[in-house]
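For reference, the structure discussed in these notes is given below.
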Amino acid sequence: MSSSVASAPVAVSPRVSDDDPVFTLHRGGKIALEVTSPLENADDLSMAYTPGVARVCLAIEETPALAEDYTWRGNLVAVVTDGTAVLGLGDIGPAASLPVMEGKAALFKHFAGVDSVPIALNTKDVDEIVNTVAAIAPSFGGINLEDISAPRCFEVERRLQERLDIPVFHDDQHGTAIVALAALENAARLTGRRLEDLRAVVSGAGASGIAVTKIILAAGIGDIAVGDRKGMIHSGRTDLTPVKAEIAALTNKAGLSGSIEAALAGADVFIGLSSGTVSEEAVATMAPNSIIFAMANPDPEVHPEVARRHAAIVATGRSDFPNQINNVLAFPGVFRGALDVRASRVTEGMKLAAAKALADVIADELAPDHIIPSPFDRRVAPAVAAAVAAAAKADGVARR
Numbered sequence: 015m016s017s018s019v020a021s022a023p024v025a026v027s028p029r030v031s032d033d034d035p036v037f038t039l040h041r042g043g044k045i046a047l048e049v050t051s052p053l054e055n056a057d058d059l060s061m062a063y064t065p066g067v068a069r070v071c072l073a074i075e076e077t078p079a080l081a082e083d084y085t086w087r088g089n090l091v092a093v094v095t096d097g098t099a100v101l102g103l104g105d106i107g108p109a110a111s112l113p114v115m116e117g118k119a120a121l122f123k124h125f126a127g128v129d130s131v132p133i134a135l136n137t138k139d140v141d142e143i144v145n146t147v148a149a150i151a152p153s154f155g156g157i158n159l160e161d162i163s164a165p166r167c168f169e170v171e172r173r174l175q176e177r178l179d180i181p182v183f184h185d186d187q188h189g190t191a192i193v194a195l196a197a198l199e200n201a202a203r204l205t206g207r208r209l210e211d212l213r214a215v216v217s218g219a220g221a222s223g224i225a226v227t228k229i230i231l232a233a234g235i236g237d238i239a240v241g242d243r244k245g246m247i248h249s250g251r252t253d254l255t256p257v258k259a260e261i262a263a264l265t266n267k268a269g270l271s272g273s274i275e276a277a278l279a280g281a282d283v284f285i286g287l288s289s290g291t292v293s294e295e296a297v298a299t300m301a302p303n304s305i306i307f308a309m310a311n312p313d314p315e316v317h318p319e320v321a322r323r324h325a326a327i328v329a330t331g332r333s334d335f336p337n338q339i340n341n342v343l344a345f346p347g348v349f350r351g352a353l354d355v356r357a358s359r360v361t362e363g364m365k366l367a368a369a370k371a372l373a374d375v376i377a378d379e380l381a382p383d384h385i386i387p388s389p390f391d392r393r394v395a396p397a398v399a400a401a402v403a404a405a406a407k408a409d410g411v412a413r414r
């Protein structure tokens with residue numbers, strides 16, 4: 015005699031609404047697998063699968079690099095997260111991160127024709143993340159690390175770059191950095207200055223704050239200083255992590271200490287990459303023709319209307335204000351270019367080339383409310399991809 019037990023009903027979050035178009039769009043997910051070979055008859059089947067596929071397998075066994083040409087690996091990126099730093103939502107876990115990772119995959123495909131697979135890992139352990147990604151790497155032509163909290167993200171990226179011979183790119187760091195540098199180059203150009211003429215203050219020493227600081231340093235900024243929750247980072251502080259200690263040694267020529275707001279006095283540039291706030295009084299002390307990038311989401315460190323009362327150029331991370339600094343301007347083109355030349359990694363030269371190409375897209379169209387292209391500008395991804403591919407060849411990491 016058999017018996018069955020009725021399953022418990024699945025609880026539905028009170029947040030879910032069938033009348034909400036956002037939930038309607040997400041039902042069933044935003045991406046799907048597409049078959050590219052015909053499967054209409056026995057001949058098709060014999061070539062796409064057995065016995066024909068064995069010939070391709072044996073060729074790849076003999077020459078592993080052929081996998082780039084005869085599988086989807088050459089155009090495939092893994093979008094990897096542990097769900098610990100998702101957008102402005104924080105540590106919401108791997109399952110809750112999937113809508114964002116699917117969105118990232120959709121952007122890869124739409125803007126650069128790059129296929130990608132969201133991979134949400136149910137671990138926060140650095141060793142497990144690194145070993146898992148390394149183990150699945152033969153299936154992919156590149157690894158896009160996403161929404162992994164600092165400081166673990168630095169170690170995860172570094173160790174994977176050391177172990178793998180494909181591009182490993184933490185977009186929260188380097189995508190943000192590329193777009194911020196492009197915007198700053200154009201803001202300086204528009205206000206009649208060069209990067210070496212500017213002193214910048216960065217609020218936030220997490221993944222994006224550190225990466226933005228490093229790329230702007232590499233591009234030749236006059237001086238740049240970084241602040242965290244405890245104030246300005248300088249070599250006299252004894253509470254710094256290894257990453258912050260490295261930044262202290264490279265930045266803050268002026269020897270600023272104390273609060274971020276105090277450091278803004280006379281500064282040319284403010285770059286916000288934190289959840290903190292900056293008062294209008296502090297903004298008012300900045301140098302004439304100042305540049306403010308208040309990039310925290312959803313609440314910028316300085317409200318754009320307040321910032322515009324004192325600054326010549328204002329940018330945010332939001333789509334409802336002009337000059338949105340959006341990673342989608344960088345990562346599709348970066349991976350497109352890297353995959354096209356089978357780059358073994360993403361170099362600093364490739365990042366700088368991407369930023370220059372992005373800035374140059376609108377070099378003849380600059381205005382205070384137009385220092386960075388729209389994500390829907392069709393010139394962006396091809397320009398970035400071409401620059402990245404050329405830089406990969408110049409840096410000796412291209413294999414095609």
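Residues 15 to 414 in the numbering used here are what the sequence shown lists, from first letter to last.
Glycine is no exception: its CB is placed at the ideal position from the N, C-alpha and C atoms.
Residue i, DSSP secondary structure in three states
i	result
V292	coil
R213	strand
D105	coil
H360	Sequence check: residue 360 is Val here, not His. The answer is coil: DSSP assigns V360 none of H, G, I, E or B.
P387	coil
R246	According to the sequence as given, residue 246 is Met; it is not Arg. Strand.
V226	helix
F154	coil
F335	coil
D186	helix
G218	coil
A239	strand
T64	coil
I133	strand
T299	coil
I143	helix
S27	coil
S304	strand
L159	strand
A281	coil
A274	Before going on, a small fix: residue 274 reads as Ile here, not Ala. Of the three classes helix, strand and coil, the one that applies to I274 here is helix, per DSSP.
L380	coil
Neighbourhood of residue i by C-beta distance below 8 angstroms, restricted to the same chain and skipping five residues each side
i	result
A397	G347, A371, L372, D374 and V375
A377	N200 and R203
Proximal residues to residue i (C-beta, below 6 angstroms), its chain only, five neighbours per side dropped
i	result
V215	A239, A277, L278, A281 and F284
E419	The question about residue 419 has no answer here: the residues shown for the chain are numbered 15 through 414.
A79	none
F168	V257
Nearest candidate by alpha-carbon position, reference residue i, set the options
i	options	result
P314	S293, N303 and E210	S293
L104	L53, V193, S288 and E176	It is Gly, not Leu, that sits at residue 104 in the sequence shown. For G104, the nearest C-alpha among the options comes from S288.
A149	R177, F122 and N158	R177
E171	M309, M115, V93 and S333	V93
R332	A201, F307, A326 and E160	F307
R213	P302, K118 and E160	P302
G88	V67, A232, T299 and D354	D354
S130	D253, L90 and A377	L90
N337	L159, A109, A196 and Y63	A196
S271	D242, E379 and A296	D242
E82	M309, A352 and D237	A352
R392	V342, R413, V49 and A406	V342
K44	A68, R69, G117 and P152	G117
Chain-order list of residues whose beta-carbon lies under 7 angstroms from that of residue i (same chain, five-residue window excluded)
i	result
P165	T255 and V257
A368	I192, A344, G347, V348, V398, A401 and V402
S111	T95, G97, V100, A134 and D161
L39	none
G107	G97
S249	A262 and A263
T227	V216, I238, V240, I261 and T265
Residue i to residue j span [Cα, whole Å]
i	j	result
A403	S27	46 angstroms
N55	A46	24 angstroms
D139	S60	44 angstroms
D141	V147	10 angstroms
R356	I261	32 angstroms
I74	D57	22 angstroms
S217	G286	5 angstroms
V144	Q175	10 angstroms
V382	D32	For the record, residue 382 in the displayed sequence is Pro; it is not Val. Each residue's Cα considered, the two are about 41 angstroms apart.
K267	W86	48 angstroms
A119	Y84	22 angstroms
V30	F390	30 angstroms
E319	D179	46 angstroms
Next item on the list: Determine, using beta-carbon pairs with one atom in the segment 180-193 and one in the segment 353-362, whether at least three such pairs fall under 8 angstroms.
Entry: yes
Checklist line | Three or more C-beta pairs below 8 angstroms linking the segment 321-335 and the segment 201-212 | finding: Touching, yes.
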